[in-house]
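Asker:
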Ligand SMILES: Nc1ncnc2c1ncn2[C@@H]1O[C@H](COP(=O)(O)OP(=O)(O)OP(=O)(O)O)[C@@H](O)[C@H]1O
Ligand SMILES: Nc1ncnc2c1ncn2[C@@H]1O[C@H](COP(=O)(O)OP(=O)(O)OP(=O)(O)O)[C@@H](O)[C@H]1O
Ligand SMILES: [Mg+2]
Ligand SMILES: [Mg+2]
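Protein chains in written order, with this note's numbering: chain W, 4 to 318; chain G, 37 to 343; chain V, 37 to 343; chain E, 14 to 549.
#1: Skipping 5 residues on each side, what residues in its chain have a beta carbon closer than 8 Å to that of residue 157 of chain G?
#2: Can you give me the C-alpha to C-alpha distance between residue 207 of chain E and residue 142 of chain V, rounded to a whole angstrom?
#3: So, residue 109 of chain V versus residue 257 of chain V, is the Cβ gap smaller than 8 Å?
#4: Counting only C-beta atoms, is residue 56 of chain G closer than 8 Å to chain B at any point?
#5: Considering residue 235 of chain E, what are the terminal residues of the alpha helix (DSSP H) in which it resides?
#6: Taking 7 Å as the cut-off, is the CB of residue 109 of chain E close to at least one heavy atom of ligand 3?
#7: Assuming residue 288 of chain E contacts residue 306 of chain E (C-beta within less than 8 Å), just tell me the rounded distance between them.
#8: If you reduce the DSSP assignment to three classes, tell me which class residue 198 of chain E lands in.
#9: Among G/101, G/81 and G/77, which has the Cα closest to the Cα of residue 265 of chain G?
#10: Would you mind reading off the limits of the beta strand (DSSP E) that contains residue 49 of chain E?
#11: Residue 161 of chain G CB to nearest chain W CB: under 8 Å?
#12: Give the range of the beta strand (DSSP E) segment to which residue 252 of chain E is assigned.
#13: Could you check the C-alpha separation between residue 124 of chain W and residue 135 of chain G for me, to the nearest Å?
#14: With a 10 Å radius around its C-beta and 16 neighbouring C-beta atoms as the bar for buried, classify residue 48 of chain G as buried or exposed.
#15: Can you pull the chain V neighbours of residue 161 of chain W, defined as C-beta to C-beta under 8 Å?
#16: Could you have a look at residue 222 of chain E and say whether DSSP puts it in helix, strand or coil?
#17: For residue 212 of chain G, go through chain E and note every residue whose CB falls closer than 7 Å to its CB, in chain order.
#18: Are residue 173 of chain E and residue 371 of chain E closer than 8 Å when you measure CB to CB?
#19: Is any heavy atom in ligand 1 found nearer than 7 Å to the beta carbon of residue 65 of chain E?
#20: Hey, could you find the ends of the alpha helix (DSSP H) residue 107 of chain E is sitting in?
#21: In chain order, what residues of the same chain have a beta carbon less than 6 Å from the beta carbon of residue 316 of chain W, not counting five sequence neighbours either side?
#22: Residue 240 of chain W bridges to which residues according to DSSP?
#23: Is it buried or exposed for residue 527 of chain E, if we count other Cβ within 10 angstroms and need 16 for buried?
#24: What in chain V is Cβ-close to residue 397 of chain E, meaning under 8 Å?
#25: How close, in whole Å, do the beta carbons of residue 111 of chain E and residue 33 of chain E come, if the pair is a contact with beta carbons under 8 Å?
#26: Can the beta-carbon of residue 63 of chain W be found closer than 8 Å to that of residue 79 of chain W?
#27: Is residue 320 of chain V near ligand 3, judged by its Cβ being under 7 Å from some heavy atom?
#28: Measuring only the C-alpha atoms, how far is residue 268 of chain V from residue 104 of chain G?
#29: Any heavy atom of ligand 1 inside 7 Å of the beta-carbon of residue 126 of chain V?
#30: Work out the CA separation of residue 86 of chain V and residue 238 of chain G for me, nearest whole Å.
#31: Against residue 62 of chain W, what residues of chain V qualify as contacts under a CB-to-CB distance less than 9 Å, listed in chain order?
#32: CB of residue 178 of chain E to nearest heavy atom of ligand 1: below 7 Å?
#33: Entirely within the stretch 176-217 of chain W and at least 3 residues each: give me those beta strand (DSSP E) ranges in chain order.
#34: Whole angstroms is fine: what's the gap from residue 51 of chain V's alpha carbon to residue 64 of chain V's?
#35: How about residue 69 of chain E and residue 456 of chain E: are their beta carbons less than 8 Å apart?
#36: Between which residues of its own chain and residue 123 of chain E is the CB-CB distance below 6 Å, once the five residues before and five after are set aside?
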């Protein structure tokens, strides 16, 4: 909320900022996709901040295809944007995009994913620590079930960075709870319908299941609905994202917790930093800016406004 | 009919194997679950079979599912239409995309692959565009009840699925217009020379397939009380696979709904079984691949003519 | 040859329109970018055309890309093989999956759709299984340089792409074994009775397609300096679309590499152009869908025979 | 009276009568790619009469009938039925007006049953569902009319061409048309089937149906038609009462010059043995096939449709695999596993099914001709279009193929397609040439060319096998004739002994009880055996 209103003393008429006629400066955004709410919210935040600063945005979405994303960074460079904001589809392949921007002498800000390889230079890196978030959430869940019992994990698309990091975080938590047993693990590809089906089967095979960790809210919701339909109660369902729908579900007791990320804020921050860089005063931006995740449970759900996490467009 | 034995044997083998491997597999509850788990793909596969019989293909089916579900939700929640109207509008949207597919193939003379690729892309984009990627939730109770109720112990989704299969099978076997699909797919020239309305049949079948995709979309929406713009995207290959595993030939003119049902159960039972057995997620696709090849290899002889 | 005009006209129209709409489009830099952007899909589309000429289809191409890239990476980084050996092994893995496809279709008499669906699934699973889904990074410099270097101003990827198209086109036009593909796809029985080695041709072509997918995999790996188990999954439809937009008939026996190249450029130029014009991400698929349909509709007359 | 005088008189008659009864076409013209293939053709088909339409391959007979049946649109001309303008825009319009066409090329939906194929497009319903009993019963009646024993309930897939042709005719009859065009139905029928069709035509004519009968078998056309109409190069040459025109005159009208139509006795064949077949058998299909063919000999295969001749020669050429037996070519035992090894051993086969097995209709004539020989024709591994064209053109001249070889072969006339098919196997001179129904759908002129070619090839030392359902053809060409029935070799007759009567008697002889065939071919039981499309 701090950064919401924080900057830009100059008030620019919003009507003609969109085409950037004021200062002619453009920020290029290469984003992994525009289907996942996380990315949609981040871009929403960027648009809000760009509007405020009178900058033009060029947003390219790679449809979850790393190769395509490198093409799009290329296309942004072709258009001679002033700064690039890069939400990489994948951490290992992000280096290629960074390198292209470095070679072209265009500052690049990484959001969410940081290149794992190469020696590219980032202007700054803004992210949530997904591993830590998953670890925290799983720990909370294990405590809820009394530190022992059967659980299941619904994974994102196998091999996607978010899936790998969230699986890793939960595995870290598991290491501290030797009595918690993973009896079902399946990929439901972030998809609620598939999660419903997978959870149905896992519940059938495991009468003593105590909880399900959905690596996304949608999957946690799908799993909770499956349990509800099967008439199974007393299980713990947790997810990561912090979607408004999940807030409602937590409030209603359908699910128990979500780890809320702040993509809207991260989007705003990235553009604000980009503006600073474009205007030549980016030297004081820290190299690494981790954003907190917030554990939302039935206890604190009322105090948290979903719009804070995903922006005002989300209801 | 001659195509069935291979896959059917495959299904029986898988079925028996799973009964031994998992104590939960053969429980009535689980069997009913399988029925409702395959319902969306199953409903779409009926449309896909009809189109494949005609020698066509429909790539748009998953996107249509998403688009009609999102349209219904948007009309209800965003435009504030009465739900019943929005519900029908959702079905109409599905049928409409199907109609466009039909017109593009029958009158535009586009290869069905291209025509439905174009509508697939467009429908997927529109589904996302409506809410900029947001799901929509909060539907009337009776709508949610559709997938939460049982009739005589059978989940309604399952009843709808079986009913659609039965009606379509009846149409294909006993009604001249259904029979005509085999003629058109088998030899379009003969069909034309026999005075069959080839273009009308194509348009009809693509429209039916669109409508069925919309029905699948509404089932999914009802089950989760949530309309999602990316729902169905992963179903396309499954839908076509079900039909082809069921013995239909992609070159048209041969295939049956009984076969398709067997194909549907093979995929459904396999997925269910692997969940019950907690097969490693990375290995699941390997198992599926191997089982599909094996199930169909036993069918070698009858598929020989179509290769 | 007769299939080209429609798509070619479409390409020219798109090209001219984009030249007016974006000041950046017609820059040499951008045109070279397009060439390297389409290289992976382009390399795979050559294999896809060969298979489609035979009347087959290859769904496994994207998974093979991922599997061979992961195999190479695993042999280099995990098994500690010399990189050159791992590199070759990656290519061999791709060719091997292709060979399996060929054997399943030619000897197993499976419908190509089923056979390659099975290998697609299995290869995708294995690619994930190797590292439990983790990507592998850190390859030798010379390997990364493959996609970062230019020869006479042309990016190497582009040179490789054009070379593969040229070699394959030569084979199809001037070598008896290449020309045989048209005969086999046109009428397999006639080809067999004419003494053409139908099965050998199938096996050869599926193997080539596997090898080309592996080459595409290595290009992608080099470009990203990262081997990813899910790479290529999204390319399947693009690859087939390129071939079909280029005028090939999915029923086999007709199509050309020149047409495929035009199809490739249509998709490549469209994607590039929409990036340059900043079209909203969710509307892009709608535009792509509409443009594909329009580009191919102009080709109505020649496609008529294949519908 | 000369032919031309008769012609003028009949035309005058028609005009003078000014009668509008029947199907009357005037001034029909059609061109493809700017080349006229039909020029100002008029035809008057009165109810209860049979017009025999003759003409060389490519003369425009099928084009004329396609126009009448609404499949092809004429560029000019008009048609009337009983004085009312008749302008069929599509086949169903023609059917509605009572005009049915039996196609030259058989077109069936393989997956549907025989009865469904007959009634497709107008399947009758009872209480909303297809009345299967009715279509099966009615189909059976129509099939019996044409002498077919085929079970109406079985799928068409797997039926022989002859059986399919019968279904095609039954389908046309079942529409109870007022006008029927038979486009070379006898080309794929045997003698007894043809007789059934003739009987049917007679009955139809009695009932006042107007019939156009197209055929290259001039004797039979004289037998069945009231009037003979001849087309040449797309134009009407003349029309004559069938009783007043001789076969020679017909030939002359077709080809435009005097033409001698007679088989000359072949030269004696005393060469070494070209092909020797010993104890060839295939379970359930044929057994005990034993014969030699000498170099320079023309060896005929006679028998009824379904006798298994095609199966035997396919096995020799490697198209199918026999279970037992030994084949040697010029004294050397060869192992033939597939068509390629047959070709390599010097055995070439012109298959009976031109469309399904012989030619790739979408490719050009030249490409079809060189298909099996591309490796041979290439230099340094490269084959050029020039080479292909040159090779094809040489054979075009040799066989007198009329029509372009650089367009899809499917748009050539049937007879010319047959010549292209023959040309394909003459690019490289074979040691043994097998011809299965070599003149199916071929006009007299072309037939003579083909016969001459066969003899010439034999005289250069090729061993030739001719399988034909036209008795006159086998007997006229061959030195010796092997007669088959029920999958068994009945006898090998010398030319002198091979009278039509003797051959027919053997062909009709029954399979003995102790048949070596595991399951005798009795129409129904063994339909699936010859899997024509299977690979080996
Ligand atoms: N679709 C087409 N395209 C181009 N030319 C065609 C087409 N159909 C027919 N022709 C040409 O028209 C001419 C007349 O053909 P048609 O089939 O009418 O001959 P026909 O008298 O029936 O010969 P046949 O006895 O061999 O059946 C031939 O030269 C043929 O090549
Ligand atoms: N009356 C019939 N109805 C249906 N199918 C038949 C009939 N007679 C034979 N057949 C099928 O056709 C096969 C014989 O093939 P085919 O008719 O080609 O033999 P053929 O002796 O070469 O005769 P032809 O060359 O005259 O066609 C038999 O094995 C049988 O399966
Ligand atoms: Mg003809
Ligand atoms: Mg025969």
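Don't be surprised by glycine CBs; every beta carbon is placed ideally from N, CA and C.
Answerer: Well, looking at it:
#1: Counting from one through the second chain, the residue named residue 157 of chain G turns up at place 121. Excluding sequence neighbours, residue 157 of chain G sits near 99.
#2: By one-based count along the fourth chain, residue 207 of chain E stands at place 194. By one-based count along the third chain, residue 142 of chain V stands at place 106. Residue 207 of chain E and residue 142 of chain V: Cα-Cα distance of roughly 41 Å.
#3: Position 73 of the third chain, counted from the start, is the residue given in the question as residue 109 of chain V. Position 221 of the third chain, counted from the start, is the residue given in the question as residue 257 of chain V. Against a cut-off of 8 Å, the Cβ pair of residue 257 of chain V and residue 109 of chain V comes out as a contact.
#4: Looking at the structure shown, chain B is missing, and the protein chains on hand are W, G, V and E.
#5: As a first step, residue 235 of chain E is located in the fourth chain; it is residue number 222 there, counting from the start. Looking at the DSSP string, the run of the alpha helix (DSSP H) that includes residue 235 of chain E is 231-237.
#6: Position 96 of the fourth chain, counted from the start, is the residue given in the question as residue 109 of chain E. No, since every heavy atom of ligand 3 falls outside the 7 Å radius drawn around the Cβ of residue 109 of chain E.
#7: Your numbering for residue 288 of chain E matches position 275 in the fourth chain. Your numbering for residue 306 of chain E matches position 293 in the fourth chain. Yes, they are in contact, since the Cβ atoms of residue 288 of chain E and residue 306 of chain E sit about 4 Å apart, within 8 Å.
#8: By 1-based counting over the fourth chain, the position of residue 198 of chain E is 185. In the three-state scheme derived from DSSP, where H, G and I count as helix and E and B as strand, residue 198 of chain E is classed as helix.
#9: Position 229 of the second chain, counted from the first residue, corresponds to residue 265 of chain G. Residue G/101 is the option with its Cα nearest to residue 265 of chain G.
#10: The sequence position of residue 49 of chain E within the fourth chain is 36, counting from 1. Start and end: 48-58.
#11: In the second chain, the residue the question calls residue 161 of chain G occupies position 125. With 8 Å as the cut-off, residue 161 of chain G does not count as an interface residue toward chain W.
#12: The residue labelled residue 252 of chain E in the question sits at position 239 within the fourth chain. Looking at the DSSP string, the run of the beta strand (DSSP E) that includes residue 252 of chain E is 248-254.
#13: Sequence index remark: in the first chain, residue 124 of chain W carries index 121 (1-based). Sequence index remark: in the second chain, residue 135 of chain G carries index 99 (1-based). In a straight line, the C-alpha of residue 124 of chain W is about 52 Å away from that of residue 135 of chain G.
#14: As a first step, residue 48 of chain G is located in the second chain; it is residue number 12 there, counting from the start. So residue 48 of chain G counts as exposed.
#15: Working through the first chain from its first residue, we reach residue 161 of chain W at position 158. Under the 8 Å cutoff, chain V gives 164, 169, 265 and 266.
#16: Here residue 222 of chain E corresponds to residue number 209 of the fourth chain, with the count starting at 1. The answer is coil: DSSP assigns residue 222 of chain E none of H, G, I, E or B.
#17: Numbered from 1 along the second chain, position 176 holds the residue referred to as residue 212 of chain G. Chain E residues near residue 212 of chain G: 136, 138 and 143.
#18: Numbered from 1 along the fourth chain, position 160 holds the residue referred to as residue 173 of chain E. Numbered from 1 along the fourth chain, position 358 holds the residue referred to as residue 371 of chain E. No, the pair does not count as a contact, with Cβ atoms beyond the cut-off.
#19: Translated into the one-based positions of the fourth chain, residue 65 of chain E becomes position 52. Every heavy atom of ligand 1 is 7 Å or more from the Cβ of residue 65 of chain E, so no.
#20: Here the question's residue 107 of chain E lines up with position 94 in the fourth chain. Segment 104-109, the alpha helix (DSSP H) holding residue 107 of chain E.
#21: For this step, residue 316 of chain W is matched to residue 313 along the first chain. Cβ within range, chain order: 47.
#22: Numbered from 1 along the first chain, position 237 holds the residue referred to as residue 240 of chain W. Partner(s): W/215.
#23: Position 514 of the fourth chain holds residue 527 of chain E. Note that residue 527 of chain E scores 43 on pLDDT, short of 50, meaning its location in the model is unreliable; the coordinates nonetheless yield the value given after this. With fewer than 16 Cβ atoms within 10 Å of its Cβ, residue 527 of chain E is classed as exposed.
#24: Against the fourth chain, residue 397 of chain E aligns to sequence position 384. Within chain V, the residues near residue 397 of chain E are 210.
#25: Mapped onto the fourth chain, residue 111 of chain E falls at position 98. Mapped onto the fourth chain, residue 33 of chain E falls at position 20. The Cβ separation is near 16 Å, so there is no contact.
#26: For the purposes of this step, residue 63 of chain W is taken as the residue at position 60 of the first chain. For the purposes of this step, residue 79 of chain W is taken as the residue at position 76 of the first chain. If you check the CB distance, residue 63 of chain W and residue 79 of chain W come in under 8 Å.
#27: Taking the third chain and counting its residues from 1, one reaches residue 320 of chain V at position 284. No; taking the cut-off as 7 Å, the Cβ of residue 320 of chain V has no heavy atom of ligand 3 nearer than that.
#28: As a first step, residue 268 of chain V is located in the third chain; it is residue number 232 there, counting from the start. As a first step, residue 104 of chain G is located in the second chain; it is residue number 68 there, counting from the start. Cα to Cα, residue 268 of chain V sits roughly 29 Å from residue 104 of chain G.
#29: As a position in the third chain, residue 126 of chain V is number 90, starting the count at 1. No, Cβ of residue 126 of chain V sits at least 7 Å from all heavy atoms of ligand 1.
#30: Taking the first residue of the second chain as position 1, residue 238 of chain G is located at position 202. Taking the first residue of the third chain as position 1, residue 86 of chain V is located at position 50. Approximately 29 Å, taken between the alpha carbons.
#31: By 1-based counting over the first chain, the position of residue 62 of chain W is 59. Neighbours of residue 62 of chain W on chain V, chain order: 314, 316 and 317.
#32: Residue numbering aside, residue 178 of chain E sits at position 165 when the fourth chain is read from its first letter. Answer for residue 178 of chain E: no, Cβ out of range of ligand 1.
#33: 183-190 and 212-217
#34: Here residue 51 of chain V corresponds to residue number 15 of the third chain, with the count starting at 1. Here residue 64 of chain V corresponds to residue number 28 of the third chain, with the count starting at 1. Roughly 14 Å separates the two Cα atoms.
#35: Here residue 69 of chain E refers to the residue found at position 56 when the fourth chain is read from its first residue. Here residue 456 of chain E refers to the residue found at position 443 when the fourth chain is read from its first residue. Yes, these two residues count as a Cβ contact at 8 Å.
#36: In the fourth chain, counting from the first residue as 1, residue 123 of chain E sits at position 110. Excluding positions up to five away in sequence, the list reads 169 and 170.
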